[in-house]
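K.L.:
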Amino acid sequence: MDLAHLNFTPVQGITDRPLMQQFGILPFVFPEGESMIDITVPLQTPYMDHSYVMVVSCSDPIFHAGVRSCNELQGIVGITRPEGSNCAAGYLSWIAIGGQ
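Numbers given in the numbering used here equal positions in the sequence shown, counted from 1, plus 48.
Right, here's the structure in full:
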């Protein structure tokens, strides 16, 4: 099945600008005593530039994740946990959509 068989547009963007979606799940572990870490999200296929959208989420609501920066090859995601938390490991889910 290809896009011609769908009765809807899976992702809409700017007309005449092809879009690419990438996604994944990465494990992370906080070093003992740390309450903030940065995770590099490598992109399998580079985007045209840094003008793409990346959305991130963690496997446990105790963690908070946010995109710190991105370029055409990767995104840098900061993850925080409450001070003194025993929860030290989880998974980062991400999706990126942008121009090819």
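Don't be surprised by glycine CBs; every beta carbon is placed ideally from N, CA and C.
Considering only their Cβ atoms, is the gap separating Tyr-139 from Leu-74 smaller than 8 Å?
P.N.:
Here residue 74 is taken as the residue at index 26 of the sequence shown, counted from 1. Here residue 139 is taken as the residue at index 91 of the sequence shown, counted from 1. Yes, Cβ-Cβ distance for Leu-74 and Tyr-139 is below 8 Å.
K.L.:
Kindly identify the DSSP beta-bridge partner or partners of Ser-141.
P.N.:
As a working note, residue 141 is residue 93 in the sequence shown. Answer by DSSP bridge pairing, in chain order: Ile-73, Ser-105.
K.L.:
Mind checking who Cys-118 pairs with in its DSSP beta bridge?
P.N.:
The residue you call residue 118 lines up with position 70 of the sequence shown. In DSSP, Cys-118 forms a bridge with Gly-123.
K.L.:
Going by alpha carbons, who is nearest to Met-96 out of Gly-72, Arg-116, Gln-122?
P.N.:
Within the sequence shown, numbered from 1, the residue matching residue 96 stands at position 48. Residue Gln-122 is the option with its Cα nearest to Met-96.
K.L.:
Taking C-beta to C-beta, are Leu-67 and Ile-145 nearer than 8 Å?
P.N.:
To locate residue 67, count along the sequence shown from 1; it is residue 19. To locate residue 145, count along the sequence shown from 1; it is residue 97. In contact: Leu-67 and Ile-145 (Cβ atoms closer than 8 Å).
K.L.:
Could you tell me the alpha carbon to alpha carbon distance between Ala-136 and Pro-130, rounded to whole angstroms?
P.N.:
Taking the first residue of the sequence shown as position 1, residue 136 is located at position 88. Taking the first residue of the sequence shown as position 1, residue 130 is located at position 82. In a straight line, the C-alpha of Ala-136 is about 10 Å away from that of Pro-130.
K.L.:
Should Ser-141 and Ser-117 be called a contact, given that it needs their Cβ atoms to be closer than 8 Å?
P.N.:
Locating residue 141 in the sequence shown gives position 93, counting from the first residue. Locating residue 117 in the sequence shown gives position 69, counting from the first residue. Contact flag unset, no.
K.L.:
Less than 6 Å between C-beta atoms, sequence neighbours within five positions excluded: which residues of the same chain meet that for His-112?
P.N.:
As a first step, residue 112 must be located in the sequence shown, where it is residue number 64. Same-chain partners within the cutoff: Thr-128.
K.L.:
At which residues does the beta strand (DSSP E) containing Pro-90 begin and terminate?
P.N.:
Taking the sequence shown and counting its residues from 1, the one referred to as residue 90 is at position 42. From DSSP, the beta strand (DSSP E) with Pro-90 extends over 84 to 90.
K.L.:
With DSSP run on the structure shown, which of helix, strand or coil describes His-98?
P.N.:
The sequence position of residue 98 within the sequence shown is 50, counting from 1. Here His-98 sits in coil by DSSP.
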